[in-house]
Amino acid sequence: MTHGKSAVIETAEPVTKSSILPADPCTIVIFGASGDLSRRKLIPALYGLAAQNCLARRFAIIGFARTPMTGDAFQRSAIDSVKKFADASTVREDECKKFAGALAYVSGEYHHAEAFAKLKILLDELDRAHKLHGNRLFYLATPPEIYPLIIEQLNKAGLARHPNGKSWTRIIIEKPFGRDLASARKLNQSVLKTFDESQVYRIDHYLGKDTVQNLMVLRFGNGIFEPLWNRNYVDHVQITAGETLGVEQRAAFYETAGATRDMIQSHVLQLASLVAMEPPAAFDATAVRNEKIKVLQSIRPFTAENIKTDIVRGQYGPGGESRNSSLLAGYRKEPGVAKNSATETYVAAKLQIDNWRWAGVPFYLRTGKRLPSRVTEIAIEFRRAPHVVFRGQDVSTNALVLNVQPNEGISISFQAKLPGQEMKLKDVKMDFSYQKEFGAGERSAYATLINDCMRGDATLFDRADGVEAAWALVDPILDYFQSHHPKFPNYSAGTWGPHEADELLERDGRHWRNI
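Heads up, the final residue of the sequence shown is numbered 525 in this note's numbering, and it's a clean run with no missing numbers.
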């Protein structure tokens, strides 16, 4: 067992007015602590929570991984991550020193029971020494195939529930949660044999972003939007999740996943369900998740026939320009990618939601790598005015756009008259920017979601039936892709995808918003 000198934080500093209420004292165990997710996201997020007094006065963090490492080495590595990836405005030497004191490390193989026995001994030591009340949060930041093994070992080690019956134990499971409906069901069965559903937090970091949460505030906290949020006023909805990067160093994962599994099944369908959901009875986990699953169950199922017309997939080829002015490599030339790979790096889809609110309103979704812009946005395109009195003028439709990343904010477009004697119209925007309005930098979505989990709030996490409903929609698409091999590549790096994606909207008299 290797851990730091104190492996706990104790602070008497009060919670600031701008901070959310702190969580209970607890120990956070990160499985896969030496990996990229832990280094780039989790450790900096936990540091941010500690620096902003959003954690309890007493907490400890244990890293668990196969990589041999001393507790001191883990502390140094963690602080390096904080200095590189955390919000620079929060990084101070005194805070880093205190945070390092909360870190401990256990190395071992995931299939070795003795490694989990060591973990249990350390957890009990910290509980007794620092009055952490037996509360534990386990975060699975390992490859997905390791999840069932860790869950089994936690059960065998008696760590799924504290024997005192009063302390809480919770587990965060990273996406992808399964790779199809059958594997998702199997994983749910494995998880729920050991943990109760109330203990399980299936994470999608998109839901921790302020703008995504603000979508619900925009709709349900204001009187002017919800009356327009239906088929009578909305022409269509566009959701774009674009990346300028290629597959980078993730070829081993991406070759077995593709854009449909990686983005559509999770992030993009989550955004669509939040746009389309009915007002929940309350802003709590049960009510919100009940309404989201109703949306997923209302989406018209995909068949071989409508997949042909309503789904477009693509794979990027060489194009654009790299830093050294040469062409960006195509997907099949990326390290670790098969030379004849049929993995899609782009998907566009047209959804129909068969319910009273959205009947006849198409939802257009797209995601892709090597696009011209890194952008995630939700655009609500409203119907044209029923009668245009300004003859000869090109009157655009109104749009309400939520920018999820990189610049979080909301904009509304409408028509205004240009100065002068003539009646000339121009499309103008009113913009709300989180950065300009509130001044603070973007808070880590992981920080928001980890803090919610420690406080027992599952509103922004997925439920077992929600995961399975999303896979049930996507499975027919994956099956079709498996048996139909398109001619790849079919779009150049640095462009907005294959021309068939443009045709998907043009057939309906619409076009993509290319930013």
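Even for Gly, the Cβ is constructed at its ideal location relative to N, Cα and C.
Note to self: I'd like the list of long-range same chain contacts for Leu191, defined as Cβ closer than 7 Å, with 5 residues on each side in sequence excluded.
What the structure shows: Closer than 7 Å at the Cβ level, and outside the excluded window around Leu191, lie Glu478, Trp481, Ala482, Asp485.
Note to self: Taking only three categories from DSSP, how would you classify Ala482?
What the structure shows: helix
Notebook entry, point to check: By the 10 Å Cβ neighbour count, where 16 or more other Cβ atoms means buried, how is Lys439 classified, buried or exposed?
Noted result: Flag for Lys439 reads exposed.
Check: Between the segment 151 to 168 and the segment 39 to 53, do three or more beta carbon pairs fall short of 8 Å?
Finding: yes
Next item on the list: Round the Cβ separation of Pro382 and Thr250 to the nearest angstrom and send it over; I've been treating them as touching at under 8 Å.
Entry: Going by Cβ atoms, the distance from Pro382 to Thr250 rounds to 11 Å, so no, they are not a contact pair.
Check: Does the segment 75 to 89 come within contact of the segment 204 to 213, defined as at least 3 CB pairs closer than 8 Å?
Finding: no
Next item on the list: Taking 7 Å as the cut-off, decide whether the C-beta atoms of Thr221 and Glu447 are in contact.
Entry: no
Notebook entry, point to check: Which residue comes first and which comes last in the beta strand (DSSP E) that contains Phe498?
Noted result: From DSSP, Phe498 is part of no beta strand (DSSP E); its letter is neither H nor E.
Notebook entry, point to check: Who are the Cβ neighbours of Leu47 in its own chain at under 8 Å, not counting the five residues just before and after it?
Noted result: Ala151, Glu184
Check: Is Pro173 near the ligand HEM, going by C-beta to nearest heavy atom under 6 Å?
Finding: Judged by which ligands are present, the structure shown has none, so any question about the ligand HEM falls away.
Check: Helix, strand or coil: how does DSSP classify Leu514 here?
Finding: helix
Note to self: Using only the alpha-carbon positions, how far apart do Lys15 and Glu510 sit?
What the structure shows: The predicted model places Lys15 with a pLDDT of 46, which falls under 50 and marks its position as unreliable, so this point remains unresolved.
Notebook entry, point to check: Which residue from Met464, His495, Asn524, Tyr490 puts its Cα closest to that of Val182?
Noted result: Val is not the amino acid found at residue 182; the sequence shown has Ile there. Taking only the C-alpha atoms, the option nearest Ile182 is Met464.
Check: Applying the criterion that 16 or more other CB atoms from any shown protein chain within 10 Å of the CB defines a buried residue, is Lys379 buried or exposed?
Finding: buried
Next item on the list: Tell me, please, whether the segment 346 to 353 touches the segment 291 to 301 by the rule of three or more beta-carbon pairs shorter than 8 Å.
Entry: no
Note to self: Using 8 Å as the cut-off, can you tell me whether the segment 221 to 237 makes contact with the segment 271 to 289, which would need three or more C-beta pairs spanning the two stretches below that distance?
What the structure shows: yes
Item checked: Contact set for Tyr243: own chain, Cβ-Cβ below 7 Å, skip 5 residues either direction -> Phe392, Arg393
Next item on the list: Report all residues from its chain with a CB closer than 7 Å to the CB of Ala468; omit the five preceding and five following residues, and keep chain order.
Entry: Tyr211, Ala295
Note to self: Considering only their Cβ atoms, is the gap separating Ile390 from Val247 smaller than 7 Å?
What the structure shows: yes
Item checked: Whole-angstrom distance between Lys130 and Asn526, CA atom to CA atom -> Since the first and last residues shown for the chain are 11 and 525, residue 526 lies out of range.
Next item on the list: With DSSP as the reference, please indicate the residues paired to Cys463 in a beta bridge.
Entry: Answer by DSSP bridge pairing: none, since Cys463 is not bridged.
Check: How long is the line joining the alpha carbons of Gly519 and Asp512, rounded to whole angstroms?
Finding: Straight-line spacing of the CA atoms in Gly519 and Asp512 works out to 11 Å.
Notebook entry, point to check: Can you list, in chain order, the residues of its chain whose CB lies under 6 Å from that of Trp178, leaving out five sequence neighbours each side?
Noted result: Asn145
Item checked: Delimiting residues of the alpha helix (DSSP H) encompassing Ile161 -> 157 to 166
Note to self: Can you tell me whether Cys64 is helix, strand or coil according to DSSP?
What the structure shows: coil
Notebook entry, point to check: How would you call Pro416, buried or exposed, if buried means at least 16 neighbouring beta carbons within 10 angstroms?
Noted result: exposed
Next item on the list: Can you grab the Cα-Cα spacing for the pair Tyr157 / Gly233, in whole Å?
Entry: 44 Å
Check: Tell me, which residues are paired with Val116 by DSSP?
Finding: Phe74
Margin query: At 4 residues or longer, what runs of the alpha helix (DSSP H) sit wholly inside the segment 302 to 372?
Written below: 314 to 320
Check: How would you label Pro345, buried or exposed, when you count the other beta carbons within 10 angstroms and need 16 or more for buried?
Finding: exposed
Checklist line | Contiguous beta strand (DSSP E) assignments of at least 3 residues, all confined to the segment 202 to 234 | finding: 210 to 212
Next item on the list: Using 10 angstroms around the beta-carbon of Trp366, count the other beta-carbons present and answer buried if the total reaches 16, otherwise exposed.
Entry: exposed
Notebook entry, point to check: By Cβ distance, which residues of its chain are closer than 7 Å to Ile487, with the 5 residues on each side in sequence left out?
Noted result: Thr270, Phe312, Ile317, Ile321
Check: Between Thr377, Lys434, Gln199, Lys51, which lies nearest to Asp97 when the distance is taken from Cα to Cα?
Finding: Lys51
Notebook entry, point to check: Buried or exposed: where does Leu255 fall if 16 or more other Cβ atoms within 10 Å of its Cβ makes it buried?
Noted result: exposed
Next item on the list: Express the C-alpha separation of Asn500 and Tyr356 in angstroms, rounding to a whole number.
Entry: 10 Å
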